[in-house]
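Residue numbers (my numbering): 372 to 517.
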């Protein structure tokens, strides 16, 4: 407030906010571009595990695998997808499609108690294991598949 000859006068400075708006937009763009760059720098890690299971222990193996998959997907943010399937004509031939947010998420997964439990439980059940590194062409899903 200022004092004039006729009394107190309120001095109002109106700022249209043009500079503030520009600064806000620039900050938002900087944050968004940082997020985009980070997302592009870390690509998903995709792996296929081809497993042959001892037929005498097939049901125990399936139960252990299912428990491990359900736990990993539920508690690990970096585990994006774990799909386990078996061949109809060869039920002991199991394939697991694994999709992790990035390589670090995979390394973290290997150190979890539930993965170690799965490995220890199934050690004598697995006849062969082949891990195949994959490159994603397209990773899309409609909904959770049961």
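Yeah, the Cβ is synthetic: ideal placement off N, Cα and C, and Gly gets one too. Bear in mind the structure is a predicted one, so any value in this text is a computation, not a measurement.
Please report the distance separating the alpha-carbon of residue i from that of residue j.
i           : j           : result
residue 474 : residue 461 : 31 Å
residue 487 : residue 418 : 18 Å
residue 476 : residue 426 : 32 Å
residue 514 : residue 479 : 25 Å
residue 512 : residue 451 : 11 Å
residue 428 : residue 494 : 11 Å
residue 413 : residue 505 : 15 Å
residue 503 : residue 464 : 15 Å
residue 501 : residue 485 : 21 Å
residue 434 : residue 440 : 10 Å
Is the Cβ of residue i closer than 7 Å to any Cβ of chain D?
i           : result
residue 459 : Note that chain D does not occur in the displayed structure, where there is just one protein chain.
From this set, the options, which residue's C-alpha is nearest residue i's C-alpha?
i           : options               : result
residue 507 : 469, 499 and 496      : 469
residue 421 : 499, 511, 514 and 476 : 499
residue 431 : 509, 512, 496 and 510 : 496
residue 449 : 467, 433 and 483      : 483
residue 467 : 437, 447, 492 and 446 : 437
residue 447 : 423, 481 and 455      : 481
residue 510 : 423, 442, 489 and 454 : 454
residue 423 : 443, 445, 442 and 456 : 456
Grab the span of the beta strand (DSSP E) containing residue i for me, first residue to last.
i           : result
residue 464 : 464-471
residue 474 : Taken as a continuous stretch (DSSP letters only), residue 474 belongs to no beta strand (DSSP E), being part of the alpha helix (DSSP H) at 474-481.
residue 420 : 416-424
Have a look at the DSSP bridge pairing and note the partners of residue i.
i           : result
residue 452 : 470
residue 457 : 465
In the DSSP assignment, find the unbroken alpha helix (DSSP H) run with residue i in it and report its ends.
i           : result
residue 504 : Unbroken run through residue 504 is the beta strand (DSSP E), 497-505; no alpha helix (DSSP H).
residue 509 : Segment: none, residue 509 is in no alpha helix (DSSP H) and carries neither H nor E.
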